[in-house]
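In what follows, a structure is listed as structure tokens, so that the remarks can point back to it.
2 protein chains.
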Amino acid sequence: MLSRLAKRSIMSVSGSLKPKFDKVFGKVDELKPQFIETLGKAVAIPAVSGDESLRPMVVKKAHFLVEELQRLGFSDVQLKQLGTQPPPVEDQKLQLPPVVLSRYGNDPNKKTLLVYGHYDVQPAQLSDGWETEPFKLYVDEDKQLMRARGSTDDTGPLLCWLNVVQAHKESGVELPVNLITCFEGMEESGSIGLEGLIAEETDKYFKGVDAVCISDNYWLGTRKPVLTYGLRGCNYYQTTVEGPGADLHSGIFGGVIAEPMVDLFQVMNSLVDAKGKILIDGVNEMVAPLTEKESKLYDNIDFDVDDLNSASGSKTSFYDNPKDILMHRWRYPSLSLHGIEGAFSGQGAKTVIPAKVHGKFSIRTVPDMDSDKLNKLVSDHCDKAFKKLGSPNKCKTELIHDGNYWVSDPHNASFTAAAKATKVVYGVDPDFTREGGSIPITVSFQELLKTTVMLLPVGRGDDGAHSINEKLDISNFINGMKTMAAYLHFYAESPEK
Amino acid sequence: MLSRLAKRSIMSVSGSLKPKFDKVFGKVDELKPQFIETLGKAVAIPAVSGDESLRPMVVKKAHFLVEELQRLGFSDVQLKQLGTQPPPVEDQKLQLPPVVLSRYGNDPNKKTLLVYGHYDVQPAQLSDGWETEPFKLYVDEDKQLMRARGSTDDTGPLLCWLNVVQAHKESGVELPVNLITCFEGMEESGSIGLEGLIAEETDKYFKGVDAVCISDNYWLGTRKPVLTYGLRGCNYYQTTVEGPGADLHSGIFGGVIAEPMVDLFQVMNSLVDAKGKILIDGVNEMVAPLTEKESKLYDNIDFDVDDLNSASGSKTSFYDNPKDILMHRWRYPSLSLHGIEGAFSGQGAKTVIPAKVHGKFSIRTVPDMDSDKLNKLVSDHCDKAFKKLGSPNKCKTELIHDGNYWVSDPHNASFTAAAKATKVVYGVDPDFTREGGSIPITVSFQELLKTTVMLLPVGRGDDGAHSINEKLDISNFINGMKTMAAYLHFYAESPEK
Chain C
1 MLSRLAKRSI
11 MSVSGSLKPK
21 FDKVFGKVDE
31 LKPQFIETLG
41 KAVAIPAVSG
51 DESLRPMVVK
61 KAHFLVEELQ
71 RLGFSDVQLK
81 QLGTQPPPVE
91 DQKLQLPPVV
101 LSRYGNDPNK
111 KTLLVYGHYD
121 VQPAQLSDGW
131 ETEPFKLYVD
141 EDKQLMRARG
151 STDDTGPLLC
161 WLNVVQAHKE
171 SGVELPVNLI
181 TCFEGMEESG
191 SIGLEGLIAE
201 ETDKYFKGVD
211 AVCISDNYWL
221 GTRKPVLTYG
231 LRGCNYYQTT
241 VEGPGADLHS
251 GIFGGVIAEP
261 MVDLFQVMNS
271 LVDAKGKILI
281 DGVNEMVAPL
291 TEKESKLYDN
301 IDFDVDDLNS
311 ASGSKTSFYD
321 NPKDILMHRW
331 RYPSLSLHGI
341 EGAFSGQGAK
351 TVIPAKVHGK
361 FSIRTVPDMD
371 SDKLNKLVSD
381 HCDKAFKKLG
391 SPNKCKTELI
401 HDGNYWVSDP
411 HNASFTAAAK
421 ATKVVYGVDP
431 DFTREGGSIP
441 ITVSFQELLK
451 TTVMLLPVGR
461 GDDGAHSINE
471 KLDISNFING
481 MKTMAAYLHF
491 YAESPEK
Chain F
1 MLSRLAKRSI
11 MSVSGSLKPK
21 FDKVFGKVDE
31 LKPQFIETLG
41 KAVAIPAVSG
51 DESLRPMVVK
61 KAHFLVEELQ
71 RLGFSDVQLK
81 QLGTQPPPVE
91 DQKLQLPPVV
101 LSRYGNDPNK
111 KTLLVYGHYD
121 VQPAQLSDGW
131 ETEPFKLYVD
141 EDKQLMRARG
151 STDDTGPLLC
161 WLNVVQAHKE
171 SGVELPVNLI
181 TCFEGMEESG
191 SIGLEGLIAE
201 ETDKYFKGVD
211 AVCISDNYWL
221 GTRKPVLTYG
231 LRGCNYYQTT
241 VEGPGADLHS
251 GIFGGVIAEP
261 MVDLFQVMNS
271 LVDAKGKILI
281 DGVNEMVAPL
291 TEKESKLYDN
301 IDFDVDDLNS
311 ASGSKTSFYD
321 NPKDILMHRW
331 RYPSLSLHGI
341 EGAFSGQGAK
351 TVIPAKVHGK
361 FSIRTVPDMD
371 SDKLNKLVSD
381 HCDKAFKKLG
391 SPNKCKTELI
401 HDGNYWVSDP
411 HNASFTAAAK
421 ATKVVYGVDP
431 DFTREGGSIP
441 ITVSFQELLK
451 TTVMLLPVGR
461 GDDGAHSINE
471 KLDISNFING
481 MKTMAAYLHF
491 YAESPEK
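Chains as they are written, first to last, in the UniProt record's numbering: chain C, 1 to 497; chain F, 1 to 497.
Here it is as structure tokens:
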């Protein structure tokens, strides 16, 4: 049905693009068996960045990409080395996987698009519960899906860009933009070294980039394509309460000394209520007011409460309608209590009074929260809550790390082009979504390259990235390439950058 | 100085006992080098009950005791086997260390005293920070102390009983009571199997026991001898809150679902305030009122706030006077928060929303708290606190284990005899102390044998049991034996049982 929709939509495309789309889309369909075969070769390399012993496999996959890029005529293909991996590592000399840079086209009259993807993957073992070998692509003809680790996260989408170039080449349609690839091999392990590389290449390899497109997220659900224009940030804190010189026996000291755990519970309990409301003065006031225009963006998004319940494996939502759920996931801050370091955390019973405990919590940030101001509000709140106790212990609250939120204008040239492309391929307008989580590299690209970034997902919300039986539907794979191809043309045509 | 005091005191002892004490005490002094030598042989066996690989050493120490008992003329010496150690163990067939039973005397006209001690010890390694080899007795002539693992806990005090018998024998003074020894080898690992043995031997080996004396605790401080007449009990609880089907990502679900951690913090935070006050309705009401008579027991105890501060390594006491500190350690309940199982407990940052968390806390119990009633109050309180949240999660509170408090009458025949003995040896009245912790076997002896129990400590509060550089002062060793000896005579003389 989607394929029929796509054919019908092309009819409405402006005169000059229609024949190009016909040729490129036709070639994509024609090359489908080859694209699937190449994906099979790529996912067969167990490029698990989190497993030191598999580091040679990650490097092997980088070389596989280099060969593919060279075969397709990409130029200036480089493996950027990022040096040794910082501790904690077992092998002190462990080299970080290289970043694969390459270009296709270098025409000063064309716009330049940087596409980001990652070739490393999450760990996977058949014994985790996979139906088939995780590092062997299994094509399920009945369900029309491809199952393998990396199929959707992110080897499949990464290869889509290469396939788009191949389809242009073989159909004789000129690529309407200059393309730069930035494929990293450490995304599943914190993108170590990538931000430094971007900073270093801003005025070198990445000079002249007009827009960045990242294909490394998913549709919200399983039915409707989306474009993603926002991510929440994350400020992670640690509150430390310390008193006694060492852990004490609760028989001897219980009831006599002020216990750091009791103080920590009091402080952490003052941060958020059981309805999810953040209780720190001044935090909610920093949140950008909801405009009517923004509110409307949430009205027709294809999502319902059952989707949330099925994802959480429970019926524990605060909200009973999709709009409230999505707004609280995307555009409102949240505060989560993650755990305590230094207290008893094992099974069974231990009668310890922990001497020094670190409570861990984080706040998901949104526009227009200022990170520095937030840190001060949090620290002041905790200090005040602790002071109120009149405790003889010591308490301090620190930021462990922060990553800024990201929100783009979903009406800019890049998004508009991608929306048109989606409509052409899928026959429907995409939902404009945000995500509750963070992809720090998005902010890095935007801030360092001073350009717009768009997230253009290929796979669906049920693809099982990071889980067992990860898959990519063949229709998403094929339509993803077509959407990318059409996006390049619409973006090239756009008068704006 | 103590020795001069002791000599002077003997002058005031009633006529018939004085010559006996002179002889026995003289023999104890004479045999000092031999007693130290024997202690050296005993502590050289690394009888660490918590280390499976050292189990043969624990058994070896039991056999060492058997030889000593036989050498001294104890009769009916038995090694009671307790079967295999229950899981968790590496060696599924690991045998529990035997309990060493023996008798000295079997005269129906004499009272029968059961003395308890343990021959196993805590782990110790030179690299932990010991000044000398932990399993080699080091006699510090300057400080007049003996350093070794087990010197004070509990090999030294255990051997005191054997030495007392030897001193009587060699000085030609008849032992005034029948003695039964019960020496276990599993005390440092939960006394597994001992309660069962006591139950089994109540009407057999232990038939006719009039009183039990346990020498396995310490003076409150370093200057004044004490007799211990009470221990707090301990009821250990676990509150479990569960919601999602699995741990969730706080980016995606933060602010949208009710987090089990937030609910657990709310519930646990409602249990106790930062001043140590238990907030569970009905709990404080169960505590026996403080009578004027009891209050006076706390008036002259040799203890000050510095002792507490030095033990806790901090100045974090709720109270600024010894009486309040001791009453809150000994005669009031306390509630401690120990930790959380199932939450993030590592270093650094993890953005998890834990799906199922178990909060651990315990209440130290005192007279007249009823354990069953307490369990119900705790469970009801937690249920109510959780219900108030209106959370969609599930919450339940369970007892993990309980152990009853123990309080004896410090004016009974056994305590009165030991107080007289202390006065004779040390020249001062002992302090009557309780302890904040629990020694469950005390309650087992009292309840199963239906007799009185007394704790008669030998060592000082700074002996470092369970710590590095464990020691026993030579004066405590020698005066401990003399006190035990005198106690036997005063107890034998007492018209009561």
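Beta carbons are placed, not taken as given, at the ideal position from N, Cα and C, and that holds for glycine.
In the pairwise beta carbon analysis, the stretch 455-472 of chain C is classified as touching the stretch 132-146 of chain C: at least three pairs are separated by under 8 Å. Contact annotation, K110 of chain C with V177 of chain C: C-beta distance approximately 5 Å; criterion of less than 8 Å satisfied.
Contact annotation: the stretch 217-225 of chain C does not touch the stretch 294-302 of chain F, with fewer than three C-beta pairs closer than 8 Å. Listed along chain F is no residue with a C-beta nearer than 9 Å to that of Y218 of chain C; the closest approach is about 11 Å. Cβ atoms of E242 of chain F and K356 of chain F come within 8 Å of each other, at about 4 Å.
From the listed residues C:E131, C:M261 and C:E188, the smallest Cα separation to V58 of chain C is found for C:E188.
Within the DSSP secondary-structure output, V453 of chain F pairs in a beta bridge with F:V212. When the Cα atoms are used, R55 of chain F and T181 of chain F turn out to be separated by approximately 22 Å. Between H411 of chain C and C234 of chain C, the gap from beta carbon to beta carbon reaches 9 Å or more. Under the 8 Å Cβ criterion, the stretch 360-379 of chain F does not count as touching the stretch 251-263 of chain F, having fewer than three qualifying pairs. Collapsing the DSSP output to three states places N178 of chain F in a strand. Of the residues C:G83, C:P88, C:E52 and C:A42, the one whose Cα lies closest to the Cα of E67 of chain C is C:A42. Distance from the CA of Y119 of chain F to the CA of M369 of chain F, rounded to the nearest whole angstrom, comes to 33 Å. Secondary structure note for Y237 of chain C: its beta strand (DSSP E) is the uninterrupted segment G233 to E242. Across the stretch 336-351 of chain F, CB contacts with chain C closer than 9 Å involve S336, L337, H338, G339, I340, E341, G342, A343, F344, S345, G346, Q347, G348, A349, K350 and T351, in sequence order along the chain. P134 of chain C and S53 of chain C have their C-alpha atoms roughly 18 Å apart. Closer than 9 Å to the CB of L31 of chain F there is not a single CB belonging to chain C. The Cβ of Y229 of chain F sits no closer than 9 Å to any Cβ of chain C. The Cβ atoms of W406 of chain C and Q446 of chain C lie closer than 9 Å to each other.
Contacts with chain F (Cβ-Cβ distance below 8 Å) from the stretch 243-254 of chain C involve G243, P244, G245, A246, L248, H249, S250, G251, I252, F253 and G254, listed in chain order. In the three-state DSSP reduction, F64 of chain C falls in the helix class (H, G or I). Residues of chain C with a Cβ closer than 8 Å to the Cβ of A124 of chain F do not exist; the shortest Cβ-Cβ separation is about 17 Å. When the five nearest sequence neighbours on each side are left out, the beta carbons in the same chain lying within less than 6 Å of the beta carbon of Y116 of chain F are those of C182 and I214, in order along the chain.
In this structure, the CA atom of A385 of chain F is about 23 Å from the CA atom of V287 of chain F. Here Q34 of chain F is exposed. Its C-beta has fewer than 16 other C-beta atoms within 10 Å.
The alpha helix (DSSP H) runs of length 4 or more contained entirely in the UniProt domain "Peptidase M20 dimerisation" (240-387) of chain C are, from start to end of the chain, 250-253, 260-269, 292-297, 305-312 and 322-330. Residue-level contact check: K387 of chain C does not touch chain F, since none of the beta carbons of chain F fall below 9 Å from its beta carbon. The Cβ atoms of G26 of chain C and S127 of chain C lie no closer than 9 Å to each other.
Interface flag for R364 of chain C against chain F is set, since a Cβ pair is found closer than 9 Å.
Separation of T228 of chain F and K450 of chain F (C-alpha to C-alpha, rounded to the nearest whole angstrom) is 19 Å. Taking the Cβ atoms as the reference, G436 of chain F lies roughly 5 Å from G251 of chain C, within the contact range of under 8 Å.
The straight-line gap separating the alpha-carbon atoms of Q85 of chain F and G185 of chain F is approximately 12 Å. Between the C-alpha atoms of F318 of chain C and R434 of chain C there is a straight-line separation of about 19 Å. Bounds of any beta strand (DSSP E) do not take in T152 of chain F, whose DSSP letter is neither H nor E. Nearest neighbour of K61 of chain C by Cα position, chosen from C:Q81, C:E30 and C:P98, turns out to be C:P98.
A direct Cα-Cα distance of roughly 35 Å separates S467 of chain C from A413 of chain C.
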